[in-house]
Ligand SMILES: [Zn+2]
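Structure (structure tokens):
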């Protein structure tokens, strides 16, 4: 990967180029930054022509990007799409507590302390949901559920091991989007792949799943 700068309008933007075996150029905005995938040996001038041509699409995506959390005193974290202000109260405990729209953090290592809390919040939510889905929609044994930090995926189903992993970043999203990921992963116990039968199984249990996928795609992992 190579990183460059380009002036678009009044601002200078950074962009990354990943050269690949491909036939045409692709541009996207990832975590507030432009990422270009380009065939090997594509001249920079051509890449920059494309960036200028599509700047009206790219710039709003960069400007709208806002991360789910800013881990510092008086920073913030989104939990189930609600924003909480972080208030640091270091008493050496690995604990957090909600008070209204604030989240009190009782350890000076704010990020680690909040993440430990978020992991538990997400695990509690998912376990409760999975139990409900197993009671009504899926005839399965309770899988082992784990929460991990992943880049680029919301969840993984290890159906042979009866285990599902969920991305910790889900905790920042609306609950109906988390529910889609839960149903998606549970459905892998019925269909291992992403075939049309797989999506038929999802549709039976979640008729509006397509809208949820669309909204989920707008979120960054
Ligand atoms: Zn899948």
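In the working numbering, the protein residues as written are 380 to 600. All residues carry an ideal CB built from backbone N, CA and C; glycine is no exception.
- Rounded to whole angstroms, the gap between the alpha carbons of residue 469 and residue 453 is 14 Å.
- Partner residues in the beta bridge of residue 383, as assigned by DSSP, are 394.
- The DSSP-derived three-state label of residue 593 is helix.
- In this structure, the alpha-carbon of residue 461 lies about 12 Å from that of residue 477.
- Leaving aside the five residues that flank residue 529 on each side, the residues in its chain whose CB is nearer than 6 Å to its CB run, in chain order, 546.
- If you check the CB distance, residue 464 and residue 475 do not come in under 8 Å.
- Contact between residue 419 and residue 398 is confirmed by a C-beta separation of about 5 Å, below the 8 Å threshold.
- In chain order, 485, 486 place their CB closer than 8 Å to the CB of residue 472, counting only its own chain and leaving out the 5 sequence neighbours on each side.
- Judged by the Cβ position, residue 393 fails to qualify as a neighbour of ligand 1 at the 7 Å threshold, every heavy atom of the ligand being at least this far.
- Distances between the C-beta of residue 563 and the heavy atoms of ligand 1 include at least one below 7 Å.
- Considering only 441, 445, 391, 388, the residue with the shortest C-alpha distance to residue 413 is 441.
- Distance from the C-beta of residue 567 to the nearest heavy atom of ligand 1 is below 7 Å.
- Look at residue 573: its beta carbon is less than 7 Å from one of the heavy atoms in ligand 1.
- In the DSSP annotation of this structure, the continuous segment of the beta strand (DSSP E) that includes residue 461 starts and ends at 461-467.
- Between residue 404 and residue 438 a beta carbon distance of about 18 Å is seen, past the 8 Å cut, so the two are scored as non-contacting.
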